[in-house]
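For what it's worth, full-length UniProt numbering labels the leading residue of the sequence shown as 1, then goes sequentially. From the three backbone atoms N, C-alpha and C, an ideal C-beta is built for every residue, glycine too. Notes for the one structure printed next.
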Amino acid sequence: MPPRTLATSNGTKEAYIHNACLQEFDFGIQRTEACLTLNVYAPENATNLPVFVWIHGGGFFAGSGAEYNSMPFVSTSMIHSVPVVTVTINYRQGLFGFLADEELYGERSGMDNRKTTGNYGILDQIMALDWIKKNIAGFGGNPEQTTVGGESGGGISITILLTSSLVSKGTFQRVIVQSGSMWPAIMDTLQEAINNTGNVLRTITNCTTVQCLRNLTGNQILTAQHIITSKRFMGIPAVPVIDGYVVDDILENYYARGNFQKVPILIGSTANETASYTYRMFGDKVNSTQVQEFLKTLYNATIIDEIPTIYGPISAFDNPFTYLNIIYTDAWILCEARRIAAKFSSYGLPTYLYTYNHLVSAAPSWAGVTHGVELPMLFPTILSYYYRNYTFTTLDQQLSSSMMLYWAHFIYNSNPNYNGNPANWDTYLASTDSDFVVQIKPHMRNHYYYPTCSRLLGQPQMMVVSDLEEIFVPLLEAFLCSPHDSRGVINSLLDQIPQTFANSQETETILALVIQAGIQALKEANCSGKIYVFSTTMPIAMAPGKLSNREDKKALGTEKEKTLLSPVNNIYTKLGEVCAQNGCVVDLFVFPNNYYDLATIGEVCRISGGEIYKFNYFSIENDRERLLDELKRNFQRTTAFDALMRVRTSTGIGPIDFLGNFYMTNATEMIFGTIDSDKSVSVELKHEDKLPDDGNTYTQVALLYTSISGQRRLRIITLALTVTSSYITLYPACDLDTIMNYITKV
């Protein structure tokens, strides 16, 4: 269940005994369920000092705040006149902190009677931050000068806290994220979490109710957790959950939309993050075949084919183990750190990116600068957890002191630089992609890593096609994607477009070739589909499809006005025909502030079976909801593709005219790029010959189409009408208006 505040008491509590939450690992610290404690390290007589809150890592199933003795950090900050108060916290882990269960979800145990399950560990962190906000002044800290830092699972937690609506603005003023990412694989949907944890725990323990689960001992739950761990990614038994309460969406989408707390950030990773994980899986003797098979679990076929281009052939590296860890480190943390840094930097926030690259002499030869090895530099007392019987060399101590001071100065004023620092640390800009290499001789590095990360992470890339006379699609592989699976990338693209062209001096646009490129992409991919076009100005650039302003107020009410309502050329008409014939449609969203020749451009929509949505003088305040409603309806309504409709009639009547948005190649067949539940078509029938006496006349409409799942289907509707020569029989079947019109004409 979610944490609860401790009731006030006049009694005395033992506050000097460290503990850890229940877990499988024994770090020599007492483990207990009553573990929601925190540890405060403050200089003597501290007053109104900046606060550094540390959230420990451990894959959400191991570790404790007590491991991170912060006295060396506090002492170093005091000696160099940047004193801070440090707080390390505990939070529930593993199944105790991230168990998702359907029955628990139904208990409505969250704030405001909200449903929640699975993120109890994150709720512990939120409550700890709330306690610190209210009480840290009593320990000499300034609650308005709080920095939250964390590593690994703690770093991931911070990327969640930055986005959760449960964290009040002002809870913290800056963040430090070490080796933590918003990687989607580290988070489950609610149903995935219930299937992976709650349902499995019930099966292992033979529990059918929550009450049964609550009656289990801690050791029984840990035994079950051990079984779950053996089957989970990276051996992590449970992870944060998209529960609709603490977290509403994958983190990538929050950041793509800019829905996060805008605070200064210091973020980075180690140089060889994944070595310790891959060593556990393969040892350091992994071969090329194993590497290729493992990479297939990370990337789709398109990216797999690109990897040799990005990194070079595997034969160019010392060994396959090195090759694997360079790629895996990029995918897992390094590229994500850069993506987060780029997002924060784009808002003008103080952003500092680092790569830790110091290898102590006690490290095994295979390890490199692996995950977590920077921690002893900030918290020297945990050195023994990494390298037993090893003590810092003079150079190690030198790096430890300088790293503490970089961190302390960032905590103090959002800038890690200080007088006498070994090297200046520049703010991060995506355009240069410079990071700060933390090592014995630190330095700025400008290696422009972002293109590599863009290709690995599937971020949107812009390819320039300069040939306007013969348009082509420069990249087909991975060009078309699932909107659901690529939601984050789509959001990132929408976010990136205004930034990319913010300083553009170009005022002339093209349109016909843009539509042609979309048609070409669908055609070469052998795929039906929709092309959504968003346009604000008429295409006036020197290219096919160029239009000019035809507005003429003097023509209003004259014969000339009719010409303004007709297409000025057939370019967009031809595009509509090609589109319809290839099973695609163009929907046009127009946001004009001036004249816009819809009579010409709209032909591509009319003939392909599309629609036009016009927003004159678009205003976010007035038109936002309408636009969103139109888009939502357009996306969600039932739609079929590559449709052909034919109307047949029995003797005596026949279709003579067809009205609607479609393309006709003969007198009876209508072609639709797409047809949806909102479409209507009118067919005018004419009495052409003698009808059968006292019989029936028939009209049949046949619709051949491809469903959204790719199935070719045929739907037929037949209408039978009775033929009569008697007015008495006719009148009851006609409506009053029709009868009056008929009598009047007679």
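CB-CB length for residue i against residue j, believed under 8 Å
| i | j | result |
| --- | --- | --- |
| I382 | Y41 | That belief does not hold up - the Cβ atoms of I382 and Y41 are roughly 14 Å apart, past 8 Å. |
| L349 | V263 | 7 Å |
| P246 | L123 | Per the sequence shown, the amino acid found at residue 246 is Val instead of Pro. With a Cβ gap of about 7 Å, V246 and L123 count as contacting. |
| D243 | N119 | 6 Å |
| N273 | I327 | The sequence shown places Glu at residue 273, rather than the Asn named in the question. That belief does not hold up - the Cβ atoms of E273 and I327 are roughly 11 Å apart, past 8 Å. |
| A193 | A100 | 3 Å |
| V210 | L104 | 6 Å |
| L644 | L704 | 5 Å |
Cβ neighbours of residue i in the same chain (closer than 6 Å, five flanking residues each side left out)
| i | result |
| --- | --- |
| T620 | Note on identity: in this sequence residue 620 is Ile, with Thr being the wrong assignment. Once the five neighbours on either side are set aside, I620 has no close Cβ partner at all. |
| S77 | P83, V84 and A408 |
| L129 | T171 |
| Q225 | G94, L95 and P237 |
| G368 | N272 and A275 |
Cross-strand partners of residue i (DSSP beta bridge)
| i | result |
| --- | --- |
| T86 | Y41 and F52 |
| H443 | V437 |
| C453 | In DSSP, C453 forms no bridge with anything. |
| Y705 | R713 |
| H687 | I653 |
| K530 | V585 |
| V647 | V701 |
| M664 | M670 |
| E192 | E192 is not bridged to any residue. |
| I304 | According to DSSP, which records beta bridges pairwise, I304 is partnered with nothing at all. |
| L659 | S682 |
| T270 | Y356 |
| S535 | V590 |
| A20 | R31 |
| T427 | According to DSSP, T427 bridges with nothing at all. |
Collapsed DSSP secondary structure at residue i in the structure displayed
| i | result |
| --- | --- |
| H409 | helix |
| F139 | helix |
| I79 | helix |
| Y352 | strand |
| T5 | coil |
| L719 | strand |
| G198 | helix |
| G654 | strand |
| C734 | coil |
| H226 | helix |
| G218 | helix |
| L92 | In the sequence on display, residue 92 carries Arg and not Leu. Reduced to three states, the DSSP call for R92 is coil. |
| Q178 | strand |
| E477 | The predicted position of E477 is uncertain, since its pLDDT is 48 and thus under 50; no value can be drawn from it. |
| N211 | At residue 211 the sequence reads Gln, which differs from the Asn that was named. Q211 falls in the helix class under three-state DSSP. |
| F282 | helix |
| Q125 | helix |
| N10 | coil |
| I382 | helix |
| E252 | helix |
| E561 | helix |
| R31 | strand |
| E151 | strand |
| I675 | strand |
| I728 | helix |
| Q261 | coil |
| I242 | strand |
| T116 | coil |
| T146 | strand |
Cβ shell of residue i (< 7 Å), same chain only, five flanking positions each side left out
| i | result |
| --- | --- |
| residue 766 | The structure shown does not extend to residue 766, since the chain spans only 1 to 746, so no value can be given for it. |
| I612 | L588, V590, L598, G602 and C605 |
| Y386 | V373 and P376 |
| L429 | S345 |
Chain-order list of residues whose beta-carbon lies under 8 Å from that of residue i (same chain, five-residue window excluded)
| i | result |
| --- | --- |
| S152 | G57, G58, G59, Q178, S179, G180, H371 and G372 |
| T147 | P50, V51, F52, V53, F172, Q173, R174, V175, I176, F410 and I411 |
| T573 | P567, E603, V604 and I607 |
| M404 | P72, F73, T76, S77, M377 and L378 |
| Q125 | I55, I89, Y91, S157 and L161 |
| G654 | L685, K686 and E688 |
ask   = Going along the chain, which unbroken runs of the alpha helix (DSSP H) with 4 or more residues stay wholly within the segment 582 to 644?
value = Segments of the alpha helix (DSSP H) lying fully in the segment 582 to 644: 598 to 601, 603 to 608 and 620 to 636.
What are the start and end residues of each continuous alpha helix (DSSP H) run of 4 or more residues lying completely inside the segment 306 to 377, in chain order? Contiguous alpha helix (DSSP H) elements confined to the segment 306 to 377 occur at 320 to 329 and 335 to 346, taking only those with 4 or more residues.
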